[in-house]
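To start, the structure under review is shown below, and the notes come after it.
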């Protein structure tokens, strides 16, 4: 949009320069148009107020974003801690279950050996 206005001003300037007019009339017309365009610009006080408002809004938005980032970081750290605890509990459960399975398997093997030994002794005895 800004480029459009610049282009328009350049076009008007070129049009005025090539128009069949006396130099004095051209300078007067350019001066009038320049003053007219300056009338559309806000005064220095208004620019200062606008600048301050924009600065305040940007600062407020930056503070909000900083707060959101801190909240996200805190939530992430809390979640990471929870995941760590869950992982440790799961590892402990897996280890305990593995030990239980190993113990039960050893017991089953012993029992099977004992019953085979006992069965073979029974088979060898004559009644």
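Numbering (the UniProt record's numbering), first residue to last: 1 to 127. Where is the CB? At the ideal position from N, CA and C, for every residue including glycine.
Straight-line Cα distance separating residue j from residue i
| i | j | result |
| --- | --- | --- |
| residue 113 | residue 74 | 58 Å |
| residue 51 | residue 61 | 15 Å |
| residue 40 | residue 65 | 35 Å |
| residue 56 | residue 49 | 10 Å |
| residue 17 | residue 2 | 23 Å |
| residue 122 | residue 115 | The pLDDT assigned to residue 122 is 48, lower than 50, so where the model puts this residue is not dependable; a value taken from the coordinates is nonetheless given after this. Between residue 122 and residue 115, the C-alpha separation is close to 10 Å. |
| residue 30 | residue 59 | 41 Å |
| residue 91 | residue 84 | 10 Å |
| residue 108 | residue 87 | 31 Å |
| residue 10 | residue 28 | 17 Å |
| residue 63 | residue 37 | 38 Å |
| residue 8 | residue 80 | 58 Å |
| residue 104 | residue 110 | 10 Å |
Environment of residue i [buried if 16+ CB atoms lie within 10 Å]
| i | result |
| --- | --- |
| residue 127 | Caution applies to residue 127, whose pLDDT of 48 falls short of 50 and renders its modelled position unreliable; the value that the coordinates give is listed next. Looking at its Cβ environment, which holds fewer than 16 other Cβ atoms inside 10 Å, residue 127 is exposed. |
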